[in-house]
Amino acid sequence: MNNLGRTAVVAATTAALGAGLAGAAGAPVTASAIGPQATYLVLAPQGGTVERATARVSAADGTVVADYRQIGVLVVHSANPAFVTDVAGPGVESVASTAGLGTVLNEGDTVELTAAEIAEATGDPTAEPLAGQQWNLAMIDVPRAHLVTTGSADVVVGVLDSGISSSHPDLADQIAREQSASCLGGVPDTSEAAWNPTTSDHGTHVAGIIAAARNGIGVAGVAPGVRVAAVKIVDNEGYVYPEAAICGFVWAAEHGMRLTNNSYHLDPWELNCRSDPRQRPVWQAVQRAIHYSWSRGVLTVAAAGNANRDLAHPFAEAGGPDDSELREIDAACRVLPAQAPGVVTVSAVGPTGRKSYYSSYGQGVVDVTAPGGDSRTRTRGRTSTTADTVLSTTYNTVTRTDGWGWKQGTSMASPHVTGVAALALSAHPELTAGQLSELLERTAVARPCPAGGYDPVPLLPSPTAGTATCRGGVRNGFYGAGLVNADRAVR
Ligand SMILES: [Ca+2]
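The sequence shown runs -24 to -1, 1 to 467 under mature numbering (1 follows the signal peptide of the UniProt record, and there is no 0).
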């Protein structure tokens, strides 16, 4: 740990934190839809069999690399330039190439703790050494909840993300190794190397928020008694392709998980438009996968996104494969998986409880809110304060060193909700996914809309600046049903 420094190891951009978080400046996506071994999603009619679709794939010179007949979805490789038209026919509802449909993980910088900072914080033998910096846990009453339960090892949470460091001293004993897998390419690979992080520590940070151990080292998570499974869906370039996410949902549903955390969004654009014929099959396939999870008792928790966007009133956006392209956005456009049915969608607040400057929102979209950090709340009189973000476990992919550090985003808020849900399941294992979702909302502490207008970044220019409008009453667009509360959820 002596080589840890205050370096941004996975900087998404070199601009301000806001830009890195928003992901608006994501790397260009090559739109070469056709080529050797292009990947396709082939959907059979919902509720039907995949037999005819499988035969049509073969006849169209395609190879099925993953068969998700549970949801009527095949992941196919083909070099046939005419595959999309050749495969169409009876038994095939829709087909789409997923080339160019990956999206760069919505990821901010990590500010790692130095060895000196870690050493200085080990004074209190009765608490986790870094617990004093975890404002986020006190905010949602985690210490009081732990008097009831710290979580049951029977509860396994799927972390659909960039992998989890299995060598991390705060996570090594928390990982359900036999339930972990990489889903890159849409095909599960259970080797430990495959589900460890390679180019991003995002999943390691998320996993620590949920379940970092109470072991006298570093930090503790919201639910240190539960276990996490690494389900790696973020590839080495930072992309999340639809076939990887679909594989991840099905894997989690069939390997004993009760919850999945989803701190990412799909597509090269933030929004997936069902009216776009190329995106519609992705929407359908992901929705089927999430519904399948739900039917198997798995609750899906997802981040709302970091664009300070009103998801209930989408507007035209630039970006995607060609940054000059401006798309028509309408009510058929959604953030996936956050806006899929049955998903608990999470906005972020900072230490003051106000919506984080970057957090997306939307009445009828956000279900609950949780601490995601806000470096610009200026609780200490400075313009930007790292300690107002979220401290968790890190893995430096350059030095291959485990550590602890700060990140902010709805990516960090979502695992707080997942952790609270894991505690609630530990206390009430009989809950169905629907009952658990309802419990999270019923036990949340309502937060009113801020009075007057809301400028998320007063006096500061920001890529995500712009007045946000909070709509609704007790349940509203900024905070949904309110701030999740671990103590109320376990009673
Ligand atoms: Ca610990």
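For every residue, glycine included, the Cβ atom is placed at its ideal position computed from N, Cα and C.
Pair within 8 Å by beta-carbon distance, GLY192 and LEU106: no
Residues that ARG203 bridges to, as DSSP identifies them: VAL132
Distance CB(ASN284)-CB(TYR334) smaller than 8 Å: yes
Expected contact under 8 Å - CB spacing of VAL341 and ALA422 to nearest Å: That belief does not hold up - the Cβ atoms of VAL341 and ALA422 are roughly 17 Å apart, past 8 Å.
Contact test: ASN191 Cβ vs ligand 1 heavy atom, cutoff 7 Å: yes
Which listed residue (HIS178, VAL277, ARG254, VAL124) has its alpha carbon closest to that of ALA236: Looking at the sequence itself, residue 236 is Thr, so the reference to Ala does not match. For THR236, the nearest C-alpha among the options comes from VAL277.
Sequence-distant residues of the same chain with beta carbon closer than 8 Å to GLN315, five excluded per side: LEU287, THR321, VAL341
Status (buried if at least 16 other CB within 10 Å, exposed otherwise) for GLU27: exposed
For ASP37, three-class secondary structure by DSSP: coil
Closer than 7 Å: GLU27 CB and nearest ligand 1 heavy atom: no
Residues of its chain near SER336, where Cβ-Cβ distance is below 6 Å and the 5 sequence neighbours each way are ignored: ALA280, GLY281, ALA283, ARG285, LEU287
C-beta contact flag for VAL135 and ALA206 at 8 Å: yes
Exposure of ASP299, with buried meaning 16 or more beta-carbon neighbours within 10 Å: Confidence at ASP299 is low in this model, with a pLDDT of 43, below 50, so its placement is unreliable and no value can be given for it.
When PRO426, GLY456, MET388, LEU412 are compared against ASN112, the one with the closest alpha-carbon: MET388
CB of ALA189 within 8 Å of CB of ASP137, strictly: no
GLY201 CB to nearest heavy atom of ligand 1 below 7 Å: no
Member of VAL319, SER332, ASP364, VAL344 whose CA lies at the smallest distance from the CA of GLY410: VAL319
Three-state secondary structure assigned by DSSP to LEU312: coil
At least three beta-carbon pairs within less than 8 Å, the region 196 to 215 to the region 150 to 159: yes
Exposure of residue 486, with buried meaning 16 or more beta-carbon neighbours within 10 Å: It is not possible to answer for residue 486, since the shown part of the chain is limited to -24 through 467.
Rounded C-alpha distance that separates GLY456 from SER390: 13 Å
Status (buried if at least 16 other CB within 10 Å, exposed otherwise) for GLY458: buried
Cβ neighbours of PRO66 in the same chain (closer than 7 Å, five flanking residues each side left out): ARG28
At least three beta-carbon pairs within less than 8 Å, the region 259 to 274 to the region 397 to 406: no
Alpha helix (DSSP H) segment containing GLY395, residue limits: 386 to 403
Outcome for VAL5 when other beta-carbon atoms lying within 10 angstroms are tallied against a minimum of 16: Confidence at VAL5 is low in this model, with a pLDDT of 35, below 50, so its placement is unreliable and no value can be given for it.
DSSP beta-bridge partners of CYS249: CYS309
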